[in-house]
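In what follows, a single structure is set out as structure tokens and then discussed.
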DNA sequence: GAACAATCTAGTAATTCTACCCGTTTAAAC
DNA sequence: GTTTAAACGGGTAGAATTACTAGATTGTTC
């Protein structure tokens, strides 16, 4: 018989924690070795010699949050797998967790099927991310106004906008395009007016957000 | 007995296509209604009256690629579910697919378990993305130098960098922070030197890329 | 082809930015 | 306790910017 997967769960809300425990208990291949109310307790448990294959960490916790705990665990205990839990579907949270080496990411409204699937996958060394994770990560690509932008501006203006955003001065742009720096100024000023932004800084911002550079 | 899930598979490589078909045939709840070599064939099949609940589209196809096909299908056939397939784990591809409404995303080295899980989930109206998708999306957030940036700059400099990136002039910033515009200039100039960029434009670029604004 | 709008071009003046300069303060290093 | 380094505050001269105005060119409409 296969050894059970040892799981440790950390969440500051006792209700949530117990809920997860009772769900996990329904999975026969899983053994709960401990539960903790914050990151510090997780690390303390490990220092006392408790070992888990998969650690489930809530993101929002007092004293020591999930992200710090994740970092510490990954540093000190080679091979440990960590699944992050959160209620908030925020890009930055997810991104940071993934960067710090999280093996999985679930939301608290997950199902027992998804939970067990995640644990098994992660334990095998694979990654598991809830579908919503990909959605949240893909969203902020906004800047759809790109199309409107191309219609609003003339070719010359677009050309100059790109060069301005790359940090060239009027003089430099004038040399590149074989026109007077004054002319470049005029185009730049027209751009600032048309796009209703504040100075060069505004142009650069807009250019970057619309991926012109 | 539940009606079977009708699946249509499109991939320009016959080998891959047949491979998927033979895998799908092992899933009893699934019925393959057609297979196609490109997007046009998919649309033609639909025009001939063939209906599928879930369409699996390869991203790279001649004549009409997966993305265009996805867009067309979602526009013309309400409620249809689409899973995108690809070999390439590239951010832009995934992002575009999600923006255009893809319900799932898999890589061609997927397993029968993952494939059937994806089909069932998507058919229920949920999303399914392979774990690697989230990884690919999180990666190009490059700006890891953010940390280095915070260490390199003083608080005051960071403060001024943010304001500069928001389009304020030295005079305006001076007024906000109750210091001389000359002093703002000095800080701005130090920033330009420290960060080795060209003028305001360079500062704005860097600030945006590091998400300071 | 005259009238019209949009675009590209350019000049002038006022303002702002940039590249130097220096003194003070603060904290760490010797 | 002196030395160093870093952050902060300010000045001046020259370059680049912004805000104006306006002529030349192009394409469109009637």
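Chains as they are written, first to last, in the working numbering: chain A, 1 to 213; chain B, 1001 to 1213.
Built from N, CA and C at the ideal position, the CB exists for glycine as well.
Decide if residue 79/A is buried, meaning its Cβ has at least 16 other Cβ atoms within 10 Å, or exposed.
As a working mapping, residue 79/A is identified with position 79 in the first chain. Residue 79/A is exposed by the Cβ-count criterion.
For residue 1064/B versus residue 1012/B, is the C-beta distance shorter than 8 Å?
As a first step, residue 1064/B must be located in the second chain, where it is residue number 64. As a first step, residue 1012/B must be located in the second chain, where it is residue number 12. Not closer than 8 Å, so no.
Buried or exposed for residue 1095/B, going by 16 or more other Cβ atoms inside 10 Å?
Position 95 of the second chain, counted from the first residue, corresponds to residue 1095/B. Burial state of residue 1095/B is buried, judged by a 10 Å Cβ sphere holding 16 or more other Cβ atoms.
Does the beta carbon of residue 167/A sit closer than 8 Å to a beta carbon anywhere in chain B?
Residue mapping note: residue 167/A aligns to position 167 of the first chain, counting from 1. Yes, residue 167/A counts as interfacial toward chain B.
Helix, strand or coil for residue 1063/B, going by three-state DSSP, please let me know.
Translated into the one-based positions of the second chain, residue 1063/B becomes position 63. Secondary structure at residue 1063/B: coil, using DSSP grouped into helix, strand and coil.
Nearest neighbour of residue 183/A, chosen from 156/A, 18/A, 76/A, 208/A [CA to CA]:
Residue mapping note: residue 183/A aligns to position 183 of the first chain, counting from 1. The residue with the shortest Cα to Cα distance from residue 183/A is 156/A.
Going by other Cβ atoms of all chains shown within 10 Å of its Cβ, with 16 needed for buried, is residue 7/A buried or exposed?
For the purposes of this step, residue 7/A is identified with residue 7 of the first chain, where counting begins at 1. Counting every other CB atom within 10 Å of its CB across the protein chains shown gives residue 7/A a total of 16 or more, marking it as buried.
Give me the chain B residues within the contact set of residue 127/A, using Cβ-Cβ distance strictly less than 8 Å, ordered along the chain.
Here residue 127/A corresponds to residue number 127 of the first chain, with the count starting at 1. The answer, in chain order, is 1131, 1132, 1134, 1135.
Alpha carbon to alpha carbon, what distance is there between residue 24/A and residue 115/A?
One-based indexing of the first chain puts residue 115/A at position 115. One-based indexing of the first chain puts residue 24/A at position 24. Their backbone Cα atoms lie some 8 Å apart in a straight line.
Would residue 1007/B pass as an interface residue toward chain A - the criterion being a Cβ-Cβ separation below 8 Å?
As a working note, residue 1007/B is residue 7 in the second chain. No, because no Cβ of chain A sits closer than 8 Å to the Cβ of residue 1007/B.
Tell me, please, which residues DSSP counts as bridged to residue 10/A.
Translated into positions along the first chain, residue 10/A becomes position 10. In DSSP, residue 10/A forms a bridge with 36/A, 57/A.
So, with DSSP's three-state summary, where would you put residue 1101/B?
Counting from one through the second chain, the residue named residue 1101/B turns up at place 101. Three-state result, residue 1101/B: coil.
List the endpoints of the continuous alpha helix (DSSP H) containing residue 1173/B.
The residue given as residue 1173/B occupies position 173 in the second chain. Counting along the chain, residue 1173/B sits inside the alpha helix (DSSP H) bounded by residues 1170-1177.
Nearest to residue 27/A by CA position, among 46/A, 105/A, 42/A, 111/A, is which residue?
Within the first chain, the letter at position 27 stands for residue 27/A. Comparing alpha carbon positions, the residue from 46/A, 105/A, 42/A, 111/A closest to residue 27/A is 111/A.
Consult DSSP for residue 1078/B and reduce its assignment to one of helix, strand or coil.
Your numbering for residue 1078/B matches position 78 in the second chain. Secondary structure at residue 1078/B: coil, using DSSP grouped into helix, strand and coil.
Closer than 8 Å by beta-carbon distance: list the chain B residues that pair up with residue 101/A, in chain order.
Within the first chain, numbered from 1, the residue matching residue 101/A stands at position 101. What residue 101/A touches in chain B: nothing, since even the nearest Cβ is about 11 Å away.
Cα-Cα separation, residue 191/A to residue 165/A:
Here residue 191/A corresponds to residue number 191 of the first chain, with the count starting at 1. Here residue 165/A corresponds to residue number 165 of the first chain, with the count starting at 1. Their Cα atoms are separated by approximately 12 Å.
As a quick exercise: from 1004/B, 1083/B, 1036/B, pick the residue whose alpha carbon is nearest that of residue 1014/B.
Here residue 1014/B is taken as the residue at index 14 of the second chain, counted from 1. Of the candidates 1004/B, 1083/B, 1036/B, 1036/B places its Cα closest to the Cα of residue 1014/B.
For chain B, find out if any of its Cβ atoms is closer than 8 Å to the Cβ of residue 55/A; answer yes or no.
Counting from one through the first chain, the residue named residue 55/A turns up at place 55. Not one chain B Cβ lies under 8 Å of residue 55/A.
Would you mind working out which of 189/A, 30/A, 17/A sits nearest residue 86/A, comparing C-alpha positions?
Taking the first residue of the first chain as 1, we reach residue 86/A at position 86. Checking every option, the nearest Cα to that of residue 86/A belongs to 17/A.
Between which two residues does the alpha helix (DSSP H) holding residue 1188/B run?
Position 188 of the second chain, counted from the start, is the residue given in the question as residue 1188/B. Here the alpha helix (DSSP H) through residue 1188/B covers 1181-1195.
Just to check my reading of the structure: residue 118/A and residue 83/A have Cβ atoms closer than 8 Å, yes? What is that Cβ distance to the nearest angstrom?
Within the first chain, the letter at position 118 stands for residue 118/A. Within the first chain, the letter at position 83 stands for residue 83/A. Their Cβ separation, rounded to whole angstroms, is 6 Å, which keeps residue 118/A and residue 83/A in contact under 8 Å.
State whether the segment 173-187 of chain A contacts the segment 1169-1184 of chain B, with contact taken as three or more CB pairs (one from each stretch) at a distance under 8 Å.
Touching, no, given that fewer than three Cβ pairs across the two stretches are closer than 8 Å.
Quick check on residue 142/A: does DSSP put it in helix, strand or coil?
Within the first chain, residue 142/A is the residue found at index 142, counting from 1. The predicted model places residue 142/A with a pLDDT of 40, which falls under 50 and marks its position as unreliable, so this point remains unresolved.
Using three-state DSSP, classify residue 1030/B as helix, strand or coil.
Position 30 of the second chain holds residue 1030/B. Here residue 1030/B sits in strand by DSSP.
For residue 1122/B, which of 32/A, 75/A, 202/A, 132/A has the nearest alpha-carbon?
Working through the second chain from its first residue, we reach residue 1122/B at position 122. Nearest Cα to residue 1122/B within the set 32/A, 75/A, 202/A, 132/A: 132/A.
In the DSSP assignment, find the unbroken alpha helix (DSSP H) run with residue 1164/B in it and report its ends.
As a first step, residue 1164/B is located in the second chain; it is residue number 164 there, counting from the start. Note, residue 1164/B: alpha helix (DSSP H), 1155-1165.
Closest Cα partner of residue 1226/B within the set 1189/B, 1160/B, 1194/B
Any question about residue 1226/B goes unanswered here, given that chain B covers just 1001 to 1213.
How far does the alpha helix (DSSP H) with residue 1199/B in it reach, from first residue to last?
Residue 1199/B sits at position 199 when you count from the first residue of the second chain. Taken as a continuous stretch (DSSP letters only), the alpha helix (DSSP H) holding residue 1199/B covers 1199-1209.
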